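Inspection log for the structure reproduced underneath, given as C-alpha cells.
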Amino acid sequence: MNEVYRLLKPNGLFITQQVGELNNKELRRFLISDFNETNANEHTLKSNLGLIRSKGFTILKADECFPKQRFLDVGALVYYARIIEWEFPKFSVDSCFNQLCQLQLVVEQKGFVESKQHRFVIVAQKLNHIN
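In short: position in the sequence shown from 1, add 51, done, that's my numbering.
As C-alpha cells, this is what we get:
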C-alpha cells in the first residue's frame with residue numbers, strides 16, 4: 052500500500068475488489084480434509100480497511116458480500132477446484148474421490164452443490180495534504 056499511496060496523485064482514488072478468505076471455505080474443508088487453516092492469511096474487509104487507513108487513505112466506500120455459487124455438475128466442480136489450486140491445494144480426483152461421490156449424491160438429490168463466495172470492495176482516496 053505504500054507504493055500505491057506514493058504513486059497516486061493528490062485526491063486520487065484507489066479502487067479494489069477482492070476475493071476474501073471465506074471464499075469456498077466450507078467446500079474446501081469438505082474436499083481437502085487436511086487443509087491447514089493456519090496457512091490462510093486474514094484477508095477480510097476489516098483487515099484491509101485497517102491496512103489502507105494506516106497508510107493515510109480515507110475510505111469512501113467499503114462493502115462486502117457473500118453470494119452463492121452453484122455447481123450443477125460434479126465435473127464442473129472438479130475443473131473449478133483444479134484451476135484455482137490456491138483455494139484447493141493438493142486437490143485431485145483420486146485424493147477426493149469419496150467426497151466427490153458424496154457431492155454427486157447431493158447433485159442428484161438437490162440438483163446442485165452450493166458454495167459460499169466472499170467478495171469485498173474498497174474505494175479509498177489519497178487526500179491532498181498541504182505541507
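Virtual Cβ for every residue (Gly too), placed ideally from N, Cα, C.
All of these numbers come straight from a predicted model, not from anything done at the bench.
Residue(s) in a DSSP beta bridge with residue i
i	result
VAL164	PHE122
THR109	GLN176
LEU128	According to DSSP, LEU128 bridges with nothing at all.
ARG170	VAL70, CYS116
LEU64	GLN176
Close beta carbons around residue i, own chain, < 6 Å, minus the five adjacent residues each side
i	result
GLN120	SER166, GLN168
ALA127	none
GLN68	VAL172
8 Å CB neighbourhood of residue i in its chain, flanking five on each side removed
i	result
ASN182	For ASN182, the predicted model reports a pLDDT of 47, less than 50, meaning its position is unreliable and no value from the coordinates is stated.
ILE83	PHE139, PRO140, LYS141, PHE142, CYS147
Residue environment, residue i, which counts as buried when at least 16 other CB atoms sit within 10 Å
i	result
LYS177	buried
GLY107	exposed
ASN87	exposed
VAL144	exposed
LEU111	exposed
ILE103	buried
Coarse secondary structure for residue i, derived from DSSP in three states
i	result
ILE103	helix
LEU59	coil
CYS116	strand
VAL70	strand
PHE81	helix
LYS76	helix
ILE134	helix
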